[in-house]
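Student: First residue of the sequence shown: 16, per the working numbering; consecutive thereafter.
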Amino acid sequence: MMEEIARVVDYQQGWATVEVELKSACNHCASSENCGTSTIAKAFSVKTQRFSLPADKACQQGDLLKVGLPESVIIKAAALVYLLPLLGLFVFATFGHILALGLDIDTNTSAMVFAVIGASIAWMIGKRLATKLEAQASPVIIAYLGQEVGVISANHG
16 MMEEIARVVD
26 YQQGWATVEV
36 ELKSACNHCA
46 SSENCGTSTI
56 AKAFSVKTQR
66 FSLPADKACQ
76 QGDLLKVGLP
86 ESVIIKAAAL
96 VYLLPLLGLF
106 VFATFGHILA
116 LGLDIDTNTS
126 AMVFAVIGAS
136 IAWMIGKRLA
146 TKLEAQASPV
156 IIAYLGQEVG
166 VISANHG
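(1) Tell me which residues share the same chain as G141 and place their Cβ nearer than 7 Å to its Cβ, disregarding the 5 neighbours each side in the sequence.
(2) I'd like the list of long-range same chain contacts for E34, defined as Cβ closer than 6 Å, with 5 residues on each side in sequence excluded.
(3) Per DSSP, what are the beta-bridge partners of Y159 in this structure?
(4) Looking at the unbroken alpha helix (DSSP H) that takes in Q151, where does it start and where does it end?
(5) What is the residue span of the beta strand (DSSP E) that A31 lies within?
(6) Taking A21 as part of the beta strand (DSSP E), name the residues at either end of that continuous run.
(7) Tell me which residue opens and which closes the beta strand (DSSP E) that P69 is part of.
(8) Hey, I20 and L79: beta-carbon distance below 7 Å or not?
(9) Just checking my contact of G133 with V106 at CB under 8 Å: how many whole Å lie between their CB atoms?
(10) Measure the C-alpha to C-alpha separation of L116 and S125 and round it to an integer number of angstroms.
(11) Looking only at its chain, what residues have a beta carbon closer than 7 Å to the beta carbon of K72, apart from the 5 residues adjacent to it on each side?
(12) Closer than 8 Å by C-beta to V128: which residues in its own chain qualify, once you throw out the five before and the five after it? Chain order, please.
(13) Under the rule that 16 or more other beta-carbon atoms within 10 Å means buried, what is A150, buried or exposed?
(14) Judging by CA-CA distance, which residue of W30, P69 and P85 is the nearest neighbour of L148?
As structure tokens, then:
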């Protein structure tokens, strides 16, 4: 189960609307201080995503929740979006090559054109199927963590 901390922004009739910060994978390694890619990642603002999920107990605005999504959903969606286009590319390239041999035209050009068409069609199909898969699999609340504790600093002067 992939887990993330979410902040409650609204609660109404058993449904908690939560906000999750979408973090970049960059900026978490030991080289982040000297890395140009890390500097670029820091320049962009943190993005958030809001969604609603059923809550067993009442929440208040600002409560923190641990939410989770099964890894199988993410793996299936990634396979649909990344592997299906590769399959389409190879299958259509082969078809284009065989068709060109039969029509006695340039096999390389035909294979490349059909490969692009096949990859594009497979990508669109994969994206549509991944969207349906993600819509069916909603995150669940794993734990109620309560309110965030802030740190107060005192100025000595």
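Ideal Cβ placement from N, Cα and C applies to all residues, glycine included. Note that the structure is predicted; figures quoted are calculated from it, not measured.
Tutor: With the structure as the only source:
(1) Translated into positions along the sequence shown, residue 141 becomes position 126. Counting only Cβ-Cβ distances below 7 Å, and skipping sequence neighbours, we find L95, V96, L99 and P100.
(2) Reading the sequence shown from its first residue, position 19 is the one you call residue 34. Counting only Cβ-Cβ distances below 6 Å, and skipping sequence neighbours, we find R22, V24, T63 and R65.
(3) Mapped onto the sequence shown, residue 159 falls at position 144. Its beta-bridge partners are L80.
(4) Here residue 151 refers to the residue found at position 136 of the sequence shown. T122 to Q151 is the span of the alpha helix (DSSP H), which, as asked, contains Q151.
(5) As a position in the sequence shown, residue 31 is number 16, starting the count at 1. That run of the beta strand (DSSP E) goes W30 to L37.
(6) Along the sequence shown, read from residue 1 onward, the residue named residue 21 stands at position 6. Taken as a continuous stretch (DSSP letters only), the beta strand (DSSP E) holding A21 covers M17 to Q27.
(7) Residue 69 sits at position 54 when you count from the first residue of the sequence shown. Counting along the chain, the beta strand (DSSP E) containing P69 begins and ends at K62 to P69.
(8) Position 5 of the sequence shown, counted from the start, is the residue given in the question as residue 20. Position 64 of the sequence shown, counted from the start, is the residue given in the question as residue 79. Taking 7 Å as the cut-off, the beta carbon of I20 is found closer than this to the beta carbon of L79.
(9) Within the sequence shown, residue 133 is the residue found at index 118, counting from 1. Within the sequence shown, residue 106 is the residue found at index 91, counting from 1. In this structure G133 touches V106 by the C-beta definition: roughly 6 Å separates them, less than 8 Å.
(10) Along the sequence shown, one-based indexing puts residue 116 at 101. Along the sequence shown, one-based indexing puts residue 125 at 110. Just so you know, the alpha carbons of L116 and S125 end up roughly 9 Å apart.
(11) For this step, residue 72 is matched to residue 57 along the sequence shown. Cβ within range, chain order: Y159.
(12) Here residue 128 refers to the residue found at position 113 of the sequence shown. Answer for V128: G111, listed in chain order.
(13) Numbered from 1 along the sequence shown, position 135 holds the residue referred to as residue 150. With fewer than 16 Cβ atoms within 10 Å of its Cβ, A150 is classed as exposed.
(14) On the sequence shown, residue 148 is found 133 positions in, with the first residue counted as 1. Per the Cα distances, P85.
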